[in-house]
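When we follow the numbering used here, the leftmost residue of the sequence shown carries the number 64, and every step to the right adds one.
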Amino acid sequence: MSAKVVIVGAGYAGVSAAKRLARDDVEVTVVNPRPDFVERIRLHQLMAGNHPATRPLASLLPRSTALVRDSARTIDADRKKVELGGGGTVDYDYLIYAAGSRSRLDLVPGASEHAVNVGGLQDAITARKRLDGLPRGSSVTIIGGGLTGVELAAELAELRTHRVHLVTGGAIAASVGEGGRRYIRRHLAALGAEVTEDAAVAEVQAAKVVLADGRVLRSDLAVMTAAFETPALARDSGLRVGFGGALAVDRTLVSASSPAIVGAGDASWIGAGPLRMSCQAAIPLGAHAAQTVLHLIDGTEPRPVRPKFTSQCVSLGRRSALWQRTRLSDEPASLIVTGRAGALIKEQICRSTLRLALNPRLTRLSYGWT
64 MSAKVVIVGA GYAGVSAAKR LARDDVEVTV VNPRPDFVER IRLHQLMAGN HPATRPLASL
124 LPRSTALVRD SARTIDADRK KVELGGGGTV DYDYLIYAAG SRSRLDLVPG ASEHAVNVGG
184 LQDAITARKR LDGLPRGSSV TIIGGGLTGV ELAAELAELR THRVHLVTGG AIAASVGEGG
244 RRYIRRHLAA LGAEVTEDAA VAEVQAAKVV LADGRVLRSD LAVMTAAFET PALARDSGLR
304 VGFGGALAVD RTLVSASSPA IVGAGDASWI GAGPLRMSCQ AAIPLGAHAA QTVLHLIDGT
364 EPRPVRPKFT SQCVSLGRRS ALWQRTRLSD EPASLIVTGR AGALIKEQIC RSTLRLALNP
424 RLTRLSYGWT
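Pasting the structure below:
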């Protein structure tokens with residue numbers, strides 16, 4: 064008899080897992096609320112209006128995979144059932160928890176009422192509509208200087224239609240090396256974007272952003288990119304979670320609550336802590352989660368995951384990017400590539416996630432960590 068495997072979520076980790084599970088004796092069902100795959104690494108482009116950031120899931124999932132267009136309301140680990148938001152249930156023998164992450168707006172007073180974000184597809188669509196409604200020359204304030212904030216600031220500044228101001232509580236692009244940060248600062252300045260570092264935001268209002276030191280910035284549109292969170296699904300289902308509600312899993316990615324549940328991607332807390340939320344981590348973690356499930360089906364011992372980061376890549380508009388070599392531990396190394404060469408690398412990375420890593424027809428090509 065075929066083993067029933069349910070995958071909750073069809074992001075980078077979930078689709079990667081479905082590709083690796085394509086085996087005759089495995090019946091795979093993906094639970095996802097929409098029929099499209101969302102390229103989250105391009106959502107800043109969606110807000111800027113130069114990329115749709117979606118493609119049909121049917122083009123990425125193996126033909127043998129069933130897609131249930133619904134959300135998972137709770138997971139009943141004892142009965143091995145997923146209760147759906149629209150009613151009904153889906154049974155499983157094994158479940159891969161790939162529920163992803165989302166942006167938070169409630170960390171700064173007033174942000175929920177006045178700010179937008181680009182953490183999800185509908186978020187980015189809403190942000191684009193708000194941007195389209197502004198007159199030329201309006202001010203856009205990006206709150207958060209991580210890689211998402213940097214990419215969005217560069218993308219919008221390159222349009223030359225609005226004044227862009229990025230505000231961050233620490234150093235800009237803190238995960239890259241100092242040489243990379245210097246380049247990012249210079250490039251944003253050349254695009255006309257203003258950057259304020261080491262400045263916490265105290266409040267977002269309808270037409271201004273108030274900093275903790277009392278400074279007030281005019282802001283016709285505020286965009287929050289400062290924080291991401293995992294869904295409450297694992298906690299609401301009574302599963303053991305780590306910080307922020309991420310599913311607690313061991314080094315083989317098996318849940319601490321149930322040997323039939325395996326975690327992958329942003330929504331999992333591995334051992335002592337989570338890995339960087341990224342496409343680069345989600346794809347191999349999805350493949351590894353699927354391999355763990357296949358080991359469990361075959362009655363063999365799952366292998367621990369061994370993260371092998373290679374680089375960080377930050378788009379800086381359509382004509383420049385920063386590629387930063389990293390050690391396997393994700394710490395920045397000295398080698399960087401910038402400018403048009405960096406942009407070429409970044410674009411090839413973005414395209415290869417769909418053309419190669421997640422392409423269901425290339426079954427012999429699977430990007431994983433072992």
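By construction, the Cβ of each residue, glycine as well, lies at the ideal position given by its N, Cα and C atoms. Since the structure is predicted, the reported quantities are computational estimates derived from the model, not experimental observations.
C-beta atoms of residue i and residue j nearer than 7 Å
i	j	result
VAL69	VAL145	yes
MET287	ALA174	yes
LEU421	VAL78	yes
ARG97	GLU292	no
THR259	VAL230	yes
ALA319	GLY207	no
PRO367	LEU338	no
TRP332	ALA309	yes
THR152	ASP299	no
ALA311	ALA256	no
SER321	ALA140	yes
VAL273	THR204	no
GLY431	PRO347	yes
ALA275	HIS177	no
GLY301	ARG314	no
VAL171	VAL267	yes
Host beta strand (DSSP E) of residue i (start-end)
i	result
GLY72	From DSSP, GLY72 is part of no beta strand (DSSP E); its letter is neither H nor E.
ARG388	384–389
SER397	395–400
8 Å CB neighbourhood of residue i in its chain, flanking five on each side removed
i	result
CYS376	ALA384, LEU385, TRP386, GLN387, GLY405, ILE408, LYS409 and ILE412
TYR155	LYS67, VAL68, VAL69, THR92, LYS143, LYS144, VAL145 and ALA323
CYS342	TYR75, ARG103, ILE104 and THR416
GLY240	GLN387, PRO395, ALA396, SER397 and ILE399
ARG118	ASP99, PHE100, GLU102 and LEU417
SER392	PRO370 and PHE372
LEU147	VAL94, VAL131, ASP133, SER134, ALA135, ARG136 and VAL153
Opening and closing residue of the alpha helix (DSSP H) in which residue i lies
i	result
ARG248	241–253
VAL213	210–222
THR189	184–195
ALA178	No alpha helix (DSSP H) contains ALA178, which is instead part of the beta strand (DSSP E) from 178–180.
ASP299	296–299
LEU109	106–111
Own chain, CB closer than 6 Å to residue i, minus 5 neighbours either side, in chain order
i	result
ALA352	ALA80, ILE159, LEU316, VAL325 and ALA327
ALA345	TYR75, ALA76 and GLY328
ALA236	VAL213, ARG244 and ILE247
GLY232	ALA263
SER378	GLU214, ALA384 and LYS409
PRO294	ALA162
GLY305	ALA311 and TRP332
ARG226	SER202
Per DSSP, cross-strand counterpart(s) of residue i
i	result
SER342	Sequence check: residue 342 is Cys here, not Ser. Paired residue(s): none; CYS342 is not in a bridge.
PHE100	ARG118
VAL325	ILE159 and VAL317
GLU205	The residue asked about is misnamed: residue 205 is Ile in this sequence, not Glu. Beta-bridge pairing links ILE205 to LEU229 and VAL286.
ARG281	LYS271
PHE291	SER166
ALA135	LEU147
TRP332	ALA311
ALA420	DSSP, once it has assigned bridges, lists no residue as partnering ALA420.
LYS67	GLU90
SER378	ALA384
LEU130	VAL93
ALA152	The identity of residue 152 in the sequence shown is Thr, whereas the question assumes Ala. BP columns for THR152 point to GLU146.
VAL304	LEU310
GLU257	HIS228
GLU266	VAL273
Beta-carbon contacts of residue i that lie in its chain and below 7 Å, excluding the five residues immediately before and after
i	result
GLU221	LEU254, GLY380 and ARG381
THR224	ARG199
ARG424	none
MET110	VAL181, ALA187, ALA190, ARG191, LEU194 and LEU215
SER164	PHE291, GLU292, THR293, ASP329, ALA330 and MET340
THR426	ALA85
THR389	PHE372, THR373, SER374, GLN375, PRO395 and ALA396
LEU419	LEU425 and LEU428
LEU219	ALA111, VAL203, HIS225 and VAL227
* Can we say the region 86–93 touches the region 129–138, given the rule of at least three CB pairs closer than 8 Å? -> yes
* For the region 99–109 and the region 180–191, state whether three or more C-beta atom pairs, one from each stretch, are separated by less than 8 Å. => yes
* Asked: How do the region 270–282 and the region 241–251 stand: do at least 3 beta-carbon pairs fall below 8 Å, yes or no?
  -> no
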